[in-house]
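Visitor:
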Amino acid sequence: MKLGHHRSSETTQEVGVPQRSVVGPLLFAVYCSPVADVIASHSVRCHQYADDTQLHLAMRVDNTAAGLSIYAACTTDVKQWYMQNGLQLNPDKSEALFMGTATQLRAVSSLKSISVADVDLPVADSMRVLGVTLDRCLTFDNRESAVARSCNYHARAIHHIRHLLALDLTQTLACSLIFYEIDYCNSVLHSAPSSTSQKLQRVQNNAARIVLQAPRRSDVNSLLQTLQLLPVEKRINYKLAVLTFKNQQTSSPQYLN
Numbered sequence: 071m072k073l074g075h076h077r078s079s080e081t082t083q084e085v086g087v088p089q090r091s092v093v094g095p096l097l098f099a100v101y102c103s104p105v106a107d108v109i110a111s112h113s114v115r116c117h118q119y120a121d122d123t124q125l126h127l128a129m130r131v132d133n134t135a136a137g138l139s140i141y142a143a144c145t146t147d148v149k150q151w152y153m154q155n156g157l158q159l160n161p162d163k164s165e166a167l168f169m170g171t172a173t174q175l176r177a178v179s180s181l182k183s184i185s186v187a188d189v190d191l192p193v194a195d196s197m198r199v200l201g202v203t204l205d206r207c208l209t210f211d212n213r214e215s216a217v218a219r220s221c222n223y224h225a226r227a228i229h230h231i232r233h234l235l236a237l238d239l240t241q242t243l244a245c246s247l248i249f250y251e252i253d254y255c256n257s258v259l260h261s262a263p264s265s266t267s268q269k270l271q272r273v274q275n276n277a278a279r280i281v282l283q284a285p286r287r288s289d290v291n292s293l294l295q296t297l298q299l300l301p302v303e304k305r306i307n308y309k310l311a312v313l314t315f316k317n318q319q320t321s322s323p324q325y326l327n
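Numbering (my numbering), first residue to last: 71 to 327.
1. Assign Leu237 to one of two classes, buried (16 or more other C-beta atoms within 10 Å of its C-beta) or exposed (fewer than that).
2. How close, in whole Å, do the beta carbons of Ala225 and Ile248 come, if the pair is a contact with beta carbons under 8 Å?
3. Let's see if you can read the secondary structure: which residues bound the alpha helix (DSSP H) around Ile228?
4. Anyone know if the C-beta pair for Gly201 and Cys255 falls short of 8 Å?
5. Taking only the alpha-carbon atoms, compute the straight-line gap between Leu299 and Leu167 and give it to the nearest angstrom.
6. For Thr123, report the span of its beta strand (DSSP E) as first-last.
7. Checking 8 Å against the spacing of the C-beta atoms, do Arg305 and Leu293 come in under that value?
8. Could you spell out where the beta strand (DSSP E) holding Leu204 opens and where it closes?
9. Starting from Ile184 and walking both ways along the alpha helix (DSSP H), at which residues does that stretch end?
10. Let me make sure I understand the geometry here. Which of Gly86, Ala227 and Val100 has the alpha-carbon closest to that of Leu157?
11. Tell me where the alpha helix (DSSP H) around Tyr250 begins and ends.
12. With a 10 Å radius around its C-beta and 16 neighbouring C-beta atoms as the bar for buried, classify Ser267 as buried or exposed.
13. For a test of the three-state rule: what should DSSP assign to Ser196, helix, strand or coil?
14. Among Asp211, Asp147 and Arg198, which one has its Cα closest to the Cα of Asp188?
15. Between the Cα of Glu165 and those of Ala177, Thr173, Ala172 and Ser196, spot the shortest distance and give me the residue it belongs to.
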């Protein structure tokens, strides 16, 4: 490392990636990518993002023992690969979640823990993945309830000082604190119950009235047009359409193509 006329001493590093380097994140992704081959050798699918690795395994309700055995063997080999390459799998930061229909979940309700890297890990009711909370039936109801609470908190704060703010500044605050949070990963709600997206729609309507200082019962459609905002469900369809178009044109990301 060099800073001005000062240079740190050199050292040989046989494993790992130096911290706080410019290319560190890219090198770390390259360094950890071979673990995907270890996972694939067990016929288990995975998705990697930085230092986060997710394993996905489809199981039959009438033969969960075989699936859990494959999962245990896979995670044990992953742990061994990490140890051989100077890394460590932290079971305390690992989570396990069963997903399926209500009938399927009732069939595995007796399974309270599974073996992950030789550690018995409790089965969770929900899991947070890159800011999105996944529940067991993929209704996303818990996620949208949490988003609505957070957005309503910021909306009340903006409402208290709205008379002190110019319109453009209020729009900036609402976009960064409310509208962005409503929009984040909302494409996953495309197949969710409409009651779930309606929670976000009510938040958006309330925020629009606060920004434009409109009466409580004013027509929200004209307010959204003034702010150049699509309603939540139309925004979801728009994002999916753009994602599909880009995927068809560029074939990226490959797992969606």
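Glycine is no exception: its CB is placed at the ideal position from the N, C-alpha and C atoms.
Guide: Here's the rundown:
1. Taking the sequence shown and counting its residues from 1, the one referred to as residue 237 is at position 167. By the neighbour-count rule (16 or more Cβ atoms within 10 Å), Leu237 is not buried but exposed.
2. Locating residue 225 in the sequence shown gives position 155, counting from the first residue. Locating residue 248 in the sequence shown gives position 178, counting from the first residue. Contact holds; Cβ gap of about 6 Å.
3. Along the sequence shown, read from residue 1 onward, the residue named residue 228 stands at position 158. Asp211 to Ile231 is the span of the alpha helix (DSSP H), which, as asked, contains Ile228.
4. For the purposes of this step, residue 201 is identified with residue 131 of the sequence shown, where counting begins at 1. For the purposes of this step, residue 255 is identified with residue 185 of the sequence shown, where counting begins at 1. Closer than 8 Å, so yes.
5. Indexing the sequence shown from 1 puts residue 299 at position 229. Indexing the sequence shown from 1 puts residue 167 at position 97. Computed Cα separation, rounded: 35 Å.
6. On the sequence shown, position 53 is the one that residue 123 refers to. Thr123 -> beta strand (DSSP E) spans Asp122 to His126.
7. Locating residue 305 in the sequence shown gives position 235, where the first residue counts as 1. Locating residue 293 in the sequence shown gives position 223, where the first residue counts as 1. Cβ atoms of Arg305 and Leu293: not closer than 8 Å.
8. Translated into the one-based positions of the sequence shown, residue 204 becomes position 134. Residues Val202 to Asp205.
9. To locate residue 184, count along the sequence shown from 1; it is residue 114. No alpha helix (DSSP H) holds Ile184; the beta strand (DSSP E) holding it covers Ser183 to Val186.
10. On the sequence shown, residue 157 is found 87 positions in, with the first residue counted as 1. Leu157 has its Cα closest to that of Gly86, out of Gly86, Ala227 and Val100.
11. Taking the sequence shown and counting its residues from 1, the one referred to as residue 250 is at position 180. Start and end: Tyr250 to Asp253.
12. Translated into positions along the sequence shown, residue 267 becomes position 197. It counts as buried.
13. On the sequence shown, residue 196 is found 126 positions in, with the first residue counted as 1. Three-state DSSP puts Ser196 in a strand.
14. Taking the sequence shown and counting its residues from 1, one reaches residue 188 at position 118. Nearest of Asp211, Asp147 and Arg198 to Asp188, Cα basis: Asp147.
15. As a working note, residue 165 is residue 95 in the sequence shown. Taking only the C-alpha atoms, the option nearest Glu165 is Ser196.
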